[in-house]
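Trainee:
Numbering (my numbering), first residue to last: 3 to 207.
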C-alpha cells in the first residue's frame with residue numbers, strides 16, 4: 003500500500019496545478035506541527051482498513067489533515083525516491099493541492115534510460131513544484147485530472163507537462179498516469195475528498 007501512496011503523491015506533485023505556496027510543514031492548518039501520535043493514528047486506521055479486506059463488513063474511516071501531514075512526515079517520507087523531499091499535501095473540496103522540493107538530477111540518477119535533452123535543460127537541479135489536481139474515486143475505481151503545474155512559480159506548458167510525466171514518472175509508477183482509471187485497494191468503494199479530511203467508504207460485499 004505504501005508504494006501506491008507514494009505513486010499517488012507523485013502523480014499530484016508532477017501531475018499539475020495552479021496554486022499558492024503552502025505554509026511551512028512545521029505549522030499545519032491547526033497551528034501545530036506533525037506529531038507521532040497522529041502518524042500512528044493514520045497507520046492504525048490504514049491497518050484497520052486493510053484487515054477488513056475480504057470480509058463482508060461496511061466501514062467508514064476518516065483521515066484528518068493532521069494525520070496525513072504526520073504520516074507523510076514520519077513514515078511515508080522514508081519511501082520517497084532520492085530527489086523528492088519537503089512534501090506537503092493540502093486537502094480541498096474534491097481536489098488535492100501539493101508542494102514539494104524535487105531534484106530532477108537525483109530523481110533520474112541510476113537510470114539506464116536515455117534522458118530527454120529538453121527536460122534536462124529546463125529542469126536541471128532542484129526546483130519547487132506546486133500542484134493541484136481534481137480527484138474522483140467511486141464505485142471501486144479512482145482517477146484524477148490535471149489542472150496545471152507550477153515550477154518555481156512558473157506555469158509549465160501542457161506539452162512539457164505531458165513529456166515530464168511520460169519520461170520521468172510513468173516508467174517508475176504506472177499508476178500515476180493521469181485521466182486513467184485504477185482499482186481502489188482494500189475493496190474501497192468510494193473516497194470523498196473534503197476540505198481538511200479524506201473520508202473512505204468500504205461497502206459490504
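C-beta: ideal position from N, C-alpha, C; glycine also. Owing to the predicted nature of the structure, the values given are computational and were not obtained by experimental measurement.
Can you tell me whether residue 180 is buried or exposed, with buried defined as 16 or more other CB within 10 angstroms of its CB?
Mentor: Position 178 of the chain shown holds residue 180. Per the 10 Å Cβ criterion, buried.
Trainee: Could you say which of 89, 109, 38 and 129 lies nearest to residue 157 if we only look at CA atoms?
Mentor: Stepping through the chain shown from its first residue, residue 157 is reached at position 155. Comparing Cα-Cα distances from residue 157 to each of 89, 109, 38 and 129, the minimum goes to 129.
Trainee: Please report the Cβ distance between residue 193 and residue 139, rounded to the nearest whole angstrom; I am assuming they are in contact, meaning their Cβ atoms lie under 8 Å.
Mentor: Translated into the one-based positions of the chain shown, residue 193 becomes position 191. Translated into the one-based positions of the chain shown, residue 139 becomes position 137. 4 Å between Cβ atoms; contact.
Trainee: Would DSSP call residue 31 helix, strand or coil?
Mentor: In the chain shown, residue 31 corresponds to position 29, counting from 1. Confidence in residue 31 is poor, its pLDDT being 45 and thus under 50, which makes the residue's placement unreliable; the coordinate value appears in the next sentence. If DSSP states are grouped into helix, strand and coil, residue 31 belongs with coil.
Trainee: Between the region 195-204 and the region 62-77, do at least 3 Cβ pairs fall closer than 8 Å?
Mentor: yes
Trainee: Does the region 96-109 come into contact with the region 73-87, if we say contact requires no fewer than three beta-carbon pairs (one atom in each stretch) closer than 8 Å?
Mentor: yes
Trainee: When you compare each of 142, 82 and 45 to residue 191 by their alpha carbons, which one comes out closest?
Mentor: Indexing the chain shown from 1 puts residue 191 at position 189. Comparing Cα-Cα distances from residue 191 to each of 142, 82 and 45, the minimum goes to 142.
Trainee: Can you look up residue 60 in the DSSP assignment and give me helix, strand or coil?
Mentor: Translated into positions along the chain shown, residue 60 becomes position 58. Reduced to three states, the DSSP call for residue 60 is coil.
Trainee: Looking only at its own chain, which residues have a Cβ that is under 7 Å from the Cβ of residue 76, when we skip the five neighbours before and after it?
Mentor: Working through the chain shown from its first residue, we reach residue 76 at position 74. So the list reads 36, 38 and 41, once near-sequence residues are dropped.
Trainee: Which of helix, strand or coil does DSSP assign to residue 82?
Mentor: In the chain shown, residue 82 corresponds to position 80, counting from 1. Coil, per DSSP.
Trainee: Mark residue 189 as exposed unless 16 or more other C-beta atoms lie within 10 angstroms of its C-beta, in which case mark it buried.
Mentor: Within the chain shown, numbered from 1, the residue matching residue 189 stands at position 187. Label assigned to residue 189: buried.
Trainee: Do residue 98 and residue 134 count as a contact pair if the criterion is CB distance below 9 Å?
Mentor: For this step, residue 134 is matched to residue 132 along the chain shown. For this step, residue 98 is matched to residue 96 along the chain shown. It is a contact, given that the beta carbons lie within the stated cut-off.
Trainee: In or out: residue 25 buried (at least 16 other Cβ within 10 Å) or exposed?
Mentor: Within the chain shown, residue 25 is the residue found at index 23, counting from 1. Residue placement at residue 25 cannot be trusted, given a pLDDT of 31 that sits under 50; what the coordinates show is reported in the next sentence. Exposed is the call here.
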